[in-house]
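Encoded as structure tokens, the structure appears first; notes follow it.
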Amino acid sequence: MNKQFGISHPGRKLGKAIMFPLAAVLLLANVSSAAAQKEKKKKKDETKATDNSKTVVPLTDEQQIDYQLSEMLGAWQVGDIEKLHSTYADDVSMVNGSWAPPVIGWANYATIYQQQRARMERVRMDRSNTYIRANGNTGWACYQWDFSAEVDGQTVFSRGQTTVVLEKRDNRWLIVHNHTSLSPGPQPPSPANTTTPPQAPAKPNGF
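Add 311 to the 1-based position in the sequence shown for the working numbering, that's all there is to it.
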């Protein structure tokens, strides 16, 4: 009947009028919620980054030197010449074990080391009683060592002490001087089936 006289139902216009503002409110609510979630995630990431930065504690100079000594001895044992070089300065000096001038420069030391290392198998070097000091860009360390290896097919044991001087160059500690000496005390006993071991090379890091 309303349709016949061209009278529209008032509820239809009212419904449309209500729907538009409601849709706008819902859209705004969704945008606000997304923005809030994004902000929350950002704060969480920032907090996580801050927490991580708090847990990273830089090594002291003494700890860096101790790590470098471990790297040097590990490389020396397995014959990794490149890793060994990374612990030594190019202008390193080495006290000679015999009555001879010191060995100067990495290239000269590397040649002697490779000649010695080629004669060795089952190499083991244990470091103990390490004392380390650092002052500015200069550091020094001394330690005792126990060495064993098969040299020219025979078992060799030796003990001694090493003193190294290090310099901090380009934010890295490098060994610039090495003085290694054999201990005059009794050596570890050899296995019963092993003949008297040869004496050379019985001085690791030295000559």
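Ideal Cβ placement from N, Cα and C applies to all residues, glycine included.
Residue i to residue j span [Cα, whole Å]
{"i": "residue 464", "j": "residue 427", "result": "13 angstroms"}
{"i": "residue 423", "j": "residue 479", "result": "26 angstroms"}
{"i": "residue 461", "j": "residue 389", "result": "13 angstroms"}
{"i": "residue 383", "j": "residue 437", "result": "12 angstroms"}
{"i": "residue 450", "j": "residue 407", "result": "22 angstroms"}
{"i": "residue 458", "j": "residue 482", "result": "31 angstroms"}
{"i": "residue 472", "j": "residue 491", "result": "6 angstroms"}
{"i": "residue 400", "j": "residue 466", "result": "32 angstroms"}
{"i": "residue 409", "j": "residue 430", "result": "19 angstroms"}
{"i": "residue 393", "j": "residue 495", "result": "32 angstroms"}
{"i": "residue 507", "j": "residue 385", "result": "A caution first: residue 507 carries a pLDDT of 38, below 50, which makes its placement in the model unreliable, though a value can still be read off. Computed Cα separation, rounded: 27 angstroms."}
{"i": "residue 448", "j": "residue 468", "result": "36 angstroms"}
{"i": "residue 412", "j": "residue 370", "result": "37 angstroms"}
Extent of the continuous beta strand (DSSP E) to which residue i belongs
{"i": "residue 429", "result": "From DSSP, residue 429 is part of no beta strand (DSSP E); its letter is neither H nor E."}
{"i": "residue 403", "result": "399-405"}
{"i": "residue 381", "result": "Segment 372-389 is the alpha helix (DSSP H) holding residue 381; no beta strand (DSSP E) there."}
Identity of the residues DSSP links to residue i by a beta bridge
{"i": "residue 469", "result": "458"}
{"i": "residue 442", "result": "453"}
{"i": "residue 492", "result": "472"}
{"i": "residue 484", "result": "479"}
{"i": "residue 591", "result": "For residue 591 there is no data in the structure shown, the boundaries of the chain being 312 and 518."}
{"i": "residue 415", "result": "404"}
Cβ-Cβ distance between residue i and residue j below 8 angstroms
{"i": "residue 403", "j": "residue 487", "result": "yes"}
{"i": "residue 522", "j": "residue 493", "result": "Residue 522 is absent from the structure shown; the chain starts at 312 and stops at 518."}
{"i": "residue 440", "j": "residue 420", "result": "no"}
{"i": "residue 484", "j": "residue 379", "result": "yes"}
{"i": "residue 372", "j": "residue 445", "result": "yes"}
{"i": "residue 433", "j": "residue 456", "result": "no"}
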